[in-house]
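J.:
Protein chains in written order, with this note's numbering: chain Z, 1 to 150; chain U, 1 to 129.
(1) The alpha helix (DSSP H) that contains residue 64 of chain Z, what's its start and end?
(2) Can you tell me whether DSSP reads residue 103 of chain Z as helix, strand or coil?
(3) Checking 9 Å against the spacing of the C-beta atoms, do residue 139 of chain Z and residue 70 of chain U come in under that value?
(4) Determine the chain U residues that contact residue 73 of chain Z at a beta-carbon separation under 7 Å, and present them in chain order.
(5) State the start and end residues of the unbroken alpha helix (DSSP H) segment that holds residue 32 of chain Z.
(6) By Cβ distance, which residues of its chain are closer than 8 Å to residue 94 of chain U, with the 5 residues on each side in sequence left out?
(7) Please check the pair residue 60 of chain U and residue 18 of chain U, which I expect to be a contact at CB under 8 Å, by giving their CB distance rounded to whole angstroms.
(8) Buried or exposed: which applies to residue 145 of chain Z, given that a residue is buried once 16 or more other Cβ atoms fall within 10 Å of its Cβ?
(9) So that I know if they touch, is there some Cβ in chain U lying closer than 9 Å to that of residue 98 of chain Z?
(10) Using a C-beta cutoff of 9 Å, does residue 92 of chain U count as contacting chain Z?
(11) Judging by CA-CA distance, which residue of Z:86, Z:72, Z:58 and Z:125 is the nearest neighbour of residue 106 of chain U?
(12) Taking all protein chains shown into account, do 16 or more other C-beta atoms lie within 10 angstroms of the C-beta of residue 80 of chain Z, making it buried, or fewer, making it exposed?
(13) Please work out which residues of its chain come closer than 7 Å, Cβ to Cβ, to residue 31 of chain Z, disregarding the five sequence neighbours upstream and downstream, and give them in chain order.
(14) Of all the options U:110, U:122 and U:116, which has the alpha carbon lying nearest to the alpha carbon of residue 54 of chain U?
(15) What is the residue span of the alpha helix (DSSP H) that residue 119 of chain U lies within?
(16) Note down the Cα distance separating residue 39 of chain U from residue 49 of chain Z, rounded to an integer number of angstroms.
(17) Below 9 Å between beta carbons: does that hold for residue 127 of chain Z and residue 88 of chain Z?
(18) Would residue 99 of chain U count as contacting chain Z if we go by Cβ distances under 9 Å?
(19) Since residue 91 of chain U and residue 78 of chain U should fall inside the 8 Å C-beta cutoff, what is the C-beta to C-beta distance between them, to a whole number of angstroms?
(20) Would DSSP call residue 130 of chain Z helix, strand or coil?
(21) Tell me where the alpha helix (DSSP H) around residue 145 of chain Z begins and ends.
(22) For residue 64 of chain Z, would you say it is in contact with chain U, using Cβ-to-Cβ distances shorter than 9 Å as the test?
(23) What residue from Z:43, Z:86 and Z:45 has the CA that sits closest to residue 34 of chain Z's CA?
(24) Using a Cβ cut-off of 9 Å, which residues of the region 110-129 of chain Z contact any Cβ in chain U, in chain order?
(25) With a threshold of 8 Å, establish whether the CB of residue 14 of chain U neighbours any heavy atom of the ligand PLP.
(26) Assuming residue 63 of chain Z contacts residue 101 of chain U under a Cβ cut-off of 8 Å, what Cβ separation, rounded to an integer in Å, is found between them?
(27) Residue 163 of chain Z to residue 66 of chain U, Cα distance in whole Å?
(28) Would residue 118 of chain U and residue 50 of chain U qualify as a contact pair, given that the criterion is a beta-carbon distance under 9 Å?
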């Protein structure tokens, strides 16, 4: 039975513009792997963190002295640094994926993704500075703000 | 055939719990920054976490992390196990069940101080530490 196929229209069909695809496939492949690898690590990092802060110690007992005791051991600083880094980038990359589902305009996407990148860097620096510079009895933030005020 | 099925719910819950945990993470990064201002400022801010209402919010966080973790494992299994897609619905219910099983004991430890019971020996739910 022979049927003739309708001719392909020369111009784009009328209707909503198709949403832009991912900018780079290689980047999206990296993102896909990053979700899975960081996700597996975070299962352990995040749940152990929750158990330490809410089960083995009551949250009311996790004050300054508790942190000072833990941070005397560099292992916990590294642990928290890894948790901070993986959780922040896993979460913000997830937010990027969600926003991409609702934003189809290329320009708006670029603006939103730039904003997300800025948020990622800002919060990562904030957390990292806190973890790395903590010294019991030293008010790092007050000292820094004092320097700025001078 | 997708809307309202287990695949739809697992996807929606994964998004909502992910967004919730991310929101908490951003707040949490700011609140730990306060440790740089010394013991008084930090302990006053941490005391908020021991209030009964905030403990209930912590339960939502714990439930979200557990579901997101177990459903994440389900996603990875479906991705990498060639016949995983056939069991995705069973895996979804497994993830839900594991989340609930892990949640109950954790919720007990979080809420016990509100009822004047301290399984860890030291606790407070008045925000006065």
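For every residue, glycine included, the Cβ atom is placed at its ideal position computed from N, Cα and C.
T.: A quick look at the data gives this:
(1) Position 64 of the first chain holds residue 64 of chain Z. Start and end: 64-71.
(2) The count along the first chain starts at 1 and reaches residue 103 of chain Z at position 103. Residue state, collapsed to three classes: coil.
(3) The count along the first chain starts at 1 and reaches residue 139 of chain Z at position 139. The count along the second chain starts at 1 and reaches residue 70 of chain U at position 70. No; because the gap between Cβ atoms is not below 9 Å, this pair is not in contact.
(4) What you label residue 73 of chain Z is simply residue 73 of the first chain in a count that begins at 1. Chain U residues near residue 73 of chain Z: none, gap ~16 Å exceeds 7 Å.
(5) Along the first chain, one-based indexing puts residue 32 of chain Z at 32. Start and end: 25-51.
(6) Position 94 of the second chain, counted from the first residue, corresponds to residue 94 of chain U. Result list for residue 94 of chain U: 70 and 74, in chain order.
(7) Taking the second chain and counting its residues from 1, one reaches residue 60 of chain U at position 60. Taking the second chain and counting its residues from 1, one reaches residue 18 of chain U at position 18. With 8 Å as the limit, residue 60 of chain U and residue 18 of chain U do not qualify as a contact, their Cβ atoms being about 13 Å apart.
(8) The residue you call residue 145 of chain Z lines up with position 145 of the first chain. By the 10 Å Cβ count, residue 145 of chain Z comes out exposed.
(9) Against the first chain, residue 98 of chain Z aligns to sequence position 98. So yes, residue 98 of chain Z belongs to the interface.
(10) By 1-based counting over the second chain, the position of residue 92 of chain U is 92. Output row for residue 92 of chain U: interface = no.
(11) Within the second chain, numbered from 1, the residue matching residue 106 of chain U stands at position 106. Among Z:86, Z:72, Z:58 and Z:125, the Cα nearest to that of residue 106 of chain U is on Z:58.
(12) Residue numbering aside, residue 80 of chain Z sits at position 80 when the first chain is read from its first letter. With 16 or more other Cβ atoms within 10 Å, it is buried.
(13) Numbered from 1 along the first chain, position 31 holds the residue referred to as residue 31 of chain Z. So the qualifying residues of the chain are 93.
(14) Position 54 of the second chain holds residue 54 of chain U. With distances taken between Cα atoms, residue 54 of chain U lies closest to U:110.
(15) One-based indexing of the second chain puts residue 119 of chain U at position 119. Premise fails: residue 119 of chain U is in no alpha helix (DSSP H) and is neither H nor E.
(16) Here the question's residue 39 of chain U lines up with position 39 in the second chain. Here the question's residue 49 of chain Z lines up with position 49 in the first chain. In a straight line, the C-alpha of residue 39 of chain U is about 21 Å away from that of residue 49 of chain Z.
(17) Stepping through the first chain from its first residue, residue 127 of chain Z is reached at position 127. Stepping through the first chain from its first residue, residue 88 of chain Z is reached at position 88. Taking C-beta atoms as the reference points, residue 127 of chain Z and residue 88 of chain Z count as a pair closer than 9 Å.
(18) Position 99 of the second chain, counted from the first residue, corresponds to residue 99 of chain U. Chain Z contact via Cβ: absent.
(19) Stepping through the second chain from its first residue, residue 91 of chain U is reached at position 91. Stepping through the second chain from its first residue, residue 78 of chain U is reached at position 78. Their Cβ separation, rounded to whole angstroms, is 7 Å, which keeps residue 91 of chain U and residue 78 of chain U in contact under 8 Å.
(20) Stepping through the first chain from its first residue, residue 130 of chain Z is reached at position 130. If DSSP states are grouped into helix, strand and coil, residue 130 of chain Z belongs with the helices.
(21) The residue you call residue 145 of chain Z lines up with position 145 of the first chain. Residue range 140-149 is occupied by the alpha helix (DSSP H) that includes residue 145 of chain Z.
(22) In the first chain, the residue the question calls residue 64 of chain Z occupies position 64. Yes, contact with chain U.
(23) Along the first chain, one-based indexing puts residue 34 of chain Z at 34. Taking only the C-alpha atoms, the option nearest residue 34 of chain Z is Z:86.
(24) For the region 110-129 of chain Z, the residues whose beta carbon sits under 9 Å from a beta carbon of chain U are, in order, 119, 123, 124, 126, 127 and 129.
(25) In the structure on display, the ligand PLP does not appear, and there are no ligands present to speak of.
(26) As a position in the first chain, residue 63 of chain Z is number 63, starting the count at 1. As a position in the second chain, residue 101 of chain U is number 101, starting the count at 1. About 31 Å separates the beta carbons of residue 63 of chain Z and residue 101 of chain U, which is beyond the 8 Å limit, so they are not a contact pair.
(27) The structure shown does not extend to residue 163 of chain Z, since chain Z is modelled only from 1 to 150, so the question has no answer here.
(28) For the purposes of this step, residue 118 of chain U is taken as the residue at position 118 of the second chain. For the purposes of this step, residue 50 of chain U is taken as the residue at position 50 of the second chain. With contacts defined as CB atoms closer than 9 Å, residue 118 of chain U and residue 50 of chain U fail to qualify as a contacting pair.
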